Each structure stands twice: as structure tokens, then as C-alpha cells.
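Novice:
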Amino acid sequence: MTIKSNVKAHLIRACCHAVFLGGRYLNHHYQRLHREASERSDHDLFDWVEANPPHHLKYWVAAAELLKRGYTVSNIRLSG
Numbered sequence: 001m002t003i004k005s006n007v008k009a010h011l012i013r014a015c016c017h018a019v020f021l022g023g024r025y026l027n028h029h030y031q032r033l034h035r036e037a038s039e040r041s042d043h044d045l046f047d048w049v050e051a052n053p054p055h056h057l058k059y060w061v062a063a064a065e066l067l068k069r070g071y072t073v074s075n076i077r078l079s080g
């Protein structure tokens with residue numbers, strides 16, 4: 001094995017490890033937000049939707065919880 005291929009293998013392992021750790025962090029963050037959203041009132045969840053841009057996880061967790069509670073997508077979009 002040459003030095004170049006050894007470095008390449010090490011970089012690939014490091015990248016895979018970083019992706020794995022990032023996925024674990026995102027999963028823990030989602031679980032925490034999901035628990036918190038299930039305990040919040042509808043008004044609080046609509047506030048979450050209004051306060052966060054659509055690319056934030058908190059926005060999507062709040063929107064999913066509101067959908068589960070019977071609100072429609074148009075109701076959720078009109079609030080933001």
C-alpha cells in the first residue's frame with residue numbers, strides 16, 4: 001500500500017466517521033424536538049412555524065405535529 005492510498009483510506013474512514021456522528025447528533029436533536037413538540041400547545045407550534053425558516057428541523061417537527069393534530073398544510077402555510 002502506498003502512502004497516497006493510505007492517506008486516501010484514512011480520509012475516507014474519517015469522513016464516514018464524521019457522517020455517522022452527524023447522523024447521531026441529528027437523530028438526538030430530532031428526538032428531543034419531537035418530545036418537546038408533543039408537549040406544546042397548538043399556538044406554540046404555530047409560533048415555531050412562524051419563527052423558523054422552512055429549512056430548519058424545528059419548523060418541520062412543528063409542521064408534522066400540527067398535521068398529526070388535524071390541521072391542513074394550507075392552515076400551517078397561512079400561519080407563516
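Residue numbers (the working numbering): 1 to 80.
Every residue, glycine too, gets a C-beta built ideally from N, C-alpha and C.
The model shown is predicted, which means the values in this text are computed figures rather than measured ones.
Look at LEU33 and LEU57 and say whether their C-beta atoms are less than 8 Å apart.
Specialist: The answer is yes: Cβ separation under 8 Å.
Novice: Give the range of the alpha helix (DSSP H) segment to which GLY22 is assigned.
Specialist: 3-39 is the span of the alpha helix (DSSP H), which, as asked, contains GLY22.
Novice: How many angstroms separate the CA atom of LEU67 from the CA atom of VAL19?
Specialist: Their Cα atoms are separated by approximately 30 Å.
Novice: Counting C-beta neighbours from all protein chains within 10 Å, is the total for LEU45 16 or more, i.e. buried, or is it exposed?
Specialist: Answer is buried; the Cβ neighbour count reaches 16.
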